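Mapped onto this note's numbering, the consecutive letters of the sequence shown carry residue numbers 1 to 205.
As structure tokens, the structure follows; a few thoughts come after it.
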Amino acid sequence: MQIYNLFPGSFASNCYLLIANGHAAVVDPSANADTILAEVKKSGAVLDKILLTHGHFDHIFSLDELREKTNAPAYIHKDDADMPEDAHKNAFYTFFHSLRSYRRPEHLLQDKDELTLGDEKITVLHTPGHTKGSVCYLCGDSLLLTGDTLFYGNIGRCDLYGGNEGELRSSLHFLRTLPPELRIYPGHGESCSLGEALNSLYFYD
Ligand SMILES: [Zn+2]
Ligand SMILES: [Zn+2]
1 MQIYNLFPGS
11 FASNCYLLIA
21 NGHAAVVDPS
31 ANADTILAEV
41 KKSGAVLDKI
51 LLTHGHFDHI
61 FSLDELREKT
71 NAPAYIHKDD
81 ADMPEDAHKN
91 AFYTFFHSLR
101 SYRRPEHLLQ
111 DKDELTLGDE
121 KITVLHTPGH
131 TKGSVCYLCG
141 DSLLLTGDTL
151 FYGNIGRCDL
161 YGGNEGELRS
171 SLHFLRTLPP
181 ELRIYPGHGE
191 SCSLGEALNS
201 LYFYD
């Protein structure tokens, strides 16, 4: 599986494109739709699905436009299902004091769900804390997309709707059980190994 970062997306979020055997998935459509579609076209792949790591506004910027232009369905964990449509829950209102909402994702995920992209497997790992339905996507056996759960040197904030520091702490304990050599691709900032990211949290143990 190949991965491309279409950074910068809106609000400095990473927007990833996964490609396997002519099939593409966008993870967190924070770049504008035309930019994403141009990259998909360049790759020669067909956009299969839109995966959301969680429901915050900065990760869903072009969610509706992308669905309108491609018919690719969106996936989100069931506990974040109502965030895109609610500007208070997805924090758009908190930051901009205006209302912006998106259509509900077509598919709701649970922990350990398995999706496919071409002939590769994507496993959903529920890692609540930043939001109730935050997930990491384990792609094949070497890539881990961590959303806003884990960055190099930091973790996601827990003070917005659905945030819970105790749950995030438990999620980090779970991530420590995964192979440290996994390459992580976070919602913000640079890629690194899972071990490097977890060791960078020396202040948080
Ligand atoms: Zn977030
Ligand atoms: Zn974010």
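All residues carry an ideal CB built from backbone N, CA and C; glycine is no exception.
Everything numeric in this text was worked out from a predicted model, so none of it was measured.
TODO: Using alpha carbons as the reference points, say which of I50, L6, L125 lies closest to H173.
DONE: Along the sequence shown, read from residue 1 onward, the residue named residue 173 stands at position 173. Comparing Cα-Cα distances from H173 to each of I50, L6, L125, the minimum goes to L125.
TODO: Compute the minimum distance between the beta carbon of H77 and the heavy atoms of ligand 2, and state whether it is under 7 Å.
DONE: The residue given as residue 77 occupies position 77 in the sequence shown. No; taking the cut-off as 7 Å, the Cβ of H77 has no heavy atom of ligand 2 nearer than that.
Task: Enclosing alpha helix (DSSP H) for G166 [first to last residue] - done: Working through the sequence shown from its first residue, we reach residue 166 at position 166. Counting along the chain, the alpha helix (DSSP H) containing G166 begins and ends at 165 to 175.
Task: beta-carbon H88 near ligand 1 non-hydrogen atom, thresh 7 Å - done: For the purposes of this step, residue 88 is taken as residue 88 along the sequence shown, with counting starting at 1. Checking every heavy atom of ligand 1 against the Cβ of H88, none is found closer than 7 Å.
Open item on the list: Can you tell me where the alpha helix (DSSP H) holding I60 begins and where it ends?
Closed with: What you label residue 60 is simply residue 60 of the sequence shown in a count that begins at 1. Where I60 is concerned, there is no enclosing alpha helix (DSSP H), given that its DSSP letter is neither H nor E.
Open item on the list: Please tell me whether G166 and T131 are closer than 8 Å, where the distance is taken between their beta carbons.
Closed with: Counting from 1 along the sequence shown, the entry for residue 166 is found at position 166. Counting from 1 along the sequence shown, the entry for residue 131 is found at position 131. No, Cβ-Cβ distance for G166 and T131 is not below 8 Å.
Open item on the list: Please determine whether the Cβ atom of G55 lies at a distance below 7 Å from any heavy atom of ligand 2.
Closed with: Here residue 55 corresponds to residue number 55 of the sequence shown, with the count starting at 1. Checking every heavy atom of ligand 2 against the Cβ of G55, none is found closer than 7 Å.
Task: Neighbourhood of G44 by C-beta, 8 Å cutoff - its chain only, sequence neighbours within 5 removed - done: What you label residue 44 is simply residue 44 of the sequence shown in a count that begins at 1. Shown here for G44: same chain residues with a beta carbon closer than 8 Å to its own, the five before and five after excluded, namely G22 in chain order.
Task: N-terminal and C-terminal residue of the beta strand (DSSP E) that K121 is part of - done: Position 121 of the sequence shown, counted from the first residue, corresponds to residue 121. Its beta strand (DSSP E) spans residues 120 to 126.
Open item on the list: Can you tell me which residues form a DSSP beta bridge with G147?
Closed with: Working through the sequence shown from its first residue, we reach residue 147 at position 147. Its beta-bridge partners are P186.
Task: DSSP state of Y93 mapped onto helix, strand, coil - done: The residue labelled residue 93 in the question sits at position 93 within the sequence shown. Of the three classes helix, strand and coil, the one that applies to Y93 here is helix, per DSSP.
TODO: Using 10 angstroms around the beta-carbon of P73, count the other beta-carbons present and answer buried if the total reaches 16, otherwise exposed.
DONE: Position 73 of the sequence shown, counted from the first residue, corresponds to residue 73. Its Cβ having fewer than 16 others within 10 Å, P73 is exposed.
Task: R169 versus L150 - alpha carbon distance - done: Counting from one through the sequence shown, the residue named residue 169 turns up at place 169. Counting from one through the sequence shown, the residue named residue 150 turns up at place 150. Looking at the backbone, the Cα of R169 and that of L150 are separated by about 11 Å.
Task: Local conformation of L37 per DSSP, three classes - done: As a working mapping, residue 37 is identified with position 37 in the sequence shown. Helix.
Task: Among F92, L117, G156, nearest to I60 - alpha-carbon criterion - done: For the purposes of this step, residue 60 is taken as residue 60 along the sequence shown, with counting starting at 1. Per the Cα distances, F92.
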